[in-house]
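Positions in the sequence shown are counted from 1; adding 1 to them yields the working numbering.
Beta carbons: idealized from backbone N, C-alpha and C, even for Gly.
None of the values given here were measured: they were computed from a predicted structure.
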Amino acid sequence: KKALVAEGPEGLAQPLVDAMAAAITDGGYSYALFGGGLLGFEIGAGLAARLGAGVVMEVTSVRAENGELIAERPILGDSAISEIKYRSDVGIIISRLNAFEAKETGDGPAAVEQLSFELSPHATQATMLTRGEQRGADVDIEGADILIAGGRGLGKAEGFEQLQTLAQAFGGNSAVAATRAVVDAGWYPYAAQIGQTGKTFAPKLYLAAGISGAIQHKVGMQASENIVAINKDANAPIFEFSDLGIVGDLNKILPKLTEAVKAKKAG
2 KKALVAEGPE
12 GLAQPLVDAM
22 AAAITDGGYS
32 YALFGGGLLG
42 FEIGAGLAAR
52 LGAGVVMEVT
62 SVRAENGELI
72 AERPILGDSA
82 ISEIKYRSDV
92 GIIISRLNAF
102 EAKETGDGPA
112 AVEQLSFELS
122 PHATQATMLT
132 RGEQRGADVD
142 IEGADILIAG
152 GRGLGKAEGF
162 EQLQTLAQAF
172 GGNSAVAATR
182 AVVDAGWYPY
192 AAQIGQTGKT
202 FAPKLYLAAG
212 ISGAIQHKVG
222 MQASENIVAI
232 NKDANAPIFE
242 FSDLGIVGDL
252 NKILPKLTEA
262 VKAKKAG
């Protein structure tokens with residue numbers, strides 16, 4: 002294994018398309034994998050156009066079968082999973098944001114080589130002047146150990162105050178998140194959105210309050226170590242993949258849970 006280092010303008014997709022195209026062509030590689038995010042999508046799409054390669058976006062799983070990679074991606078509003086093979090000589094895989102966990106291979110360091118390539122005329126036509134700030138509040142739900150998420154079952158935007166109070170009671174690396182429906186309703190910042198078109202995460206504890214648990218939401222939270230759901234509807238889909246389910250009124254359960262957490266931490 003080896004790591005290729007390319008020198009060029011920072012923060013722009015086109016120079017990286019030039020570099021990746023050279024690496025694949027010279028090295029005879031069959032696949033290129035990109036993480037999610039705006040830059041990953043732009044580079045992957047540009048590389049596919051450059052090489053005439055097949056491209057699959059929003060990939061959530063990849064496996065090798067008979068020497069070929071098979072990509073899986075949610076379709077039909079995340080209600081089903083599609084398996085895709087490549088017919089082209091080169092396949093481009095662009096993952097859904099945070100769908101894959103970074104893991105150490107244990108195989109030792111990779112050899113580092115300088116990549117030689119030429120910038121295309123398009124790559125020199127733009128310059129990165131400054132980076133904009135993330136839209137919405139600065140909410141780090143991706144790195145949280147304890148994530149408390151709210152859905153439409155909270156009833157109103159003020160319902161998130163109870164979740165914030167509970168997160169403060171837990172302390173440490175805790176955060177509050179929201180489903181797409183309540184973000185679209187303006188109840189909570191976009192930066193805290195999870196599920197379809199939102200962020201994925203893998204906390205030690207995920208507490209879902211007032212969330213029905215449609216497949217779109219499951220995609221975002223399925224990597225959580227422990228899942229606790231609170232919902233007044235005993236037939237809510239989220240109970241099917243929860244480790245612990247509580248059926249009842251959020252407005253009665255959340256305050257008691259907050260007090261219990263505070264008492265436990267007080268000793």
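So, for residue i: in the same chain, excluding its five sequence neighbours on each side, which residues have a beta-carbon less than 8 Å away from its beta-carbon?
{"i": "residue 69", "result": "86 and 87"}
{"i": "residue 134", "result": "Caution applies to residue 134, whose pLDDT of 47 falls short of 50 and renders its modelled position unreliable; the value that the coordinates give is listed next. Closer than 8 Å at the Cβ level, and outside the excluded window around residue 134, lies no residue."}
{"i": "residue 172", "result": "266"}
{"i": "residue 116", "result": "5, 6, 7, 20, 23 and 24"}
Quick one: grab the DSSP three-state call for residue i.
{"i": "residue 163", "result": "helix"}
{"i": "residue 21", "result": "helix"}
{"i": "residue 194", "result": "strand"}
{"i": "residue 97", "result": "coil"}
{"i": "residue 1", "result": "Residue numbering for the chain in the displayed model covers 2 to 268; residue 1 lies beyond these limits and cannot be assessed."}
{"i": "residue 70", "result": "strand"}
{"i": "residue 13", "result": "coil"}
{"i": "residue 186", "result": "coil"}
{"i": "residue 264", "result": "helix"}
{"i": "residue 202", "result": "coil"}
{"i": "residue 241", "result": "helix"}
{"i": "residue 34", "result": "strand"}
{"i": "residue 235", "result": "coil"}
{"i": "residue 223", "result": "coil"}
{"i": "residue 257", "result": "helix"}
{"i": "residue 103", "result": "coil"}
{"i": "residue 251", "result": "helix"}
{"i": "residue 110", "result": "coil"}
Would you mind sorting residue i into buried or exposed? The rule is 16 or more other CB atoms within 10 Å of its CB.
{"i": "residue 251", "result": "buried"}
{"i": "residue 66", "result": "exposed"}
{"i": "residue 189", "result": "buried"}
{"i": "residue 39", "result": "exposed"}
{"i": "residue 136", "result": "The pLDDT assigned to residue 136 is 45, lower than 50, so where the model puts this residue is not dependable, and the model offers no usable value."}
{"i": "residue 142", "result": "buried"}
{"i": "residue 19", "result": "buried"}
{"i": "residue 222", "result": "buried"}
{"i": "residue 54", "result": "buried"}
{"i": "residue 163", "result": "buried"}
{"i": "residue 232", "result": "buried"}
{"i": "residue 110", "result": "exposed"}
{"i": "residue 76", "result": "exposed"}
{"i": "residue 197", "result": "In this prediction, residue 197 scores a pLDDT of 49, lower than 50, which makes its location untrustworthy; no coordinate-derived value is stated."}
Opposite residue i in the DSSP bridges: which residues?
{"i": "residue 207", "result": "148 and 228"}
{"i": "residue 281", "result": "No answer is possible for residue 281: the residues shown for the chain start at 2 and end at 268."}
{"i": "residue 115", "result": "6"}
{"i": "residue 64", "result": "71"}
{"i": "residue 175", "result": "147"}
{"i": "residue 83", "result": "74"}
{"i": "residue 214", "result": "Its beta-bridge partners do not exist; DSSP assigns none."}
{"i": "residue 92", "result": "32 and 55"}
Sorted by chain position, which residues of the same chain lie with C-beta nearer than 7 Å to residue i's C-beta, five sequence neighbours on each side aside?
{"i": "residue 42", "result": "58 and 95"}
{"i": "residue 261", "result": "none"}
{"i": "residue 17", "result": "44"}
{"i": "residue 25", "result": "33, 52 and 91"}
{"i": "residue 50", "result": "none"}
{"i": "residue 11", "result": "129"}
Residues in the same chain with beta-carbon distance under 6 Å from residue i, minus the five sequence neighbours each way, listed in chain order, please.
{"i": "residue 208", "result": "149 and 229"}
{"i": "residue 138", "result": "Note that residue 138 has pLDDT 48, beneath the 50 cutoff, so the model's placement of it is unreliable and no number is given."}
{"i": "residue 246", "result": "230 and 240"}
{"i": "residue 34", "result": "94"}
{"i": "residue 23", "result": "118"}
{"i": "residue 235", "result": "248"}
{"i": "residue 98", "result": "37 and 38"}
{"i": "residue 182", "result": "153"}
{"i": "residue 205", "result": "146 and 226"}
{"i": "residue 3", "result": "111, 112 and 114"}
Could you pull the start and end residues of the alpha helix (DSSP H) that residue i belongs to?
{"i": "residue 156", "result": "Where residue 156 is concerned, there is no enclosing alpha helix (DSSP H), given that its DSSP letter is neither H nor E."}
{"i": "residue 43", "result": "39-52"}
Between which two residues does the beta strand (DSSP E) harbouring residue i extend?
{"i": "residue 248", "result": "245-248"}
Are the C-beta atoms of residue i and some chain D residue less than 8 Å apart?
{"i": "residue 62", "result": "Although the question refers to chain D, the structure presented lacks it and comprises just one protein chain."}
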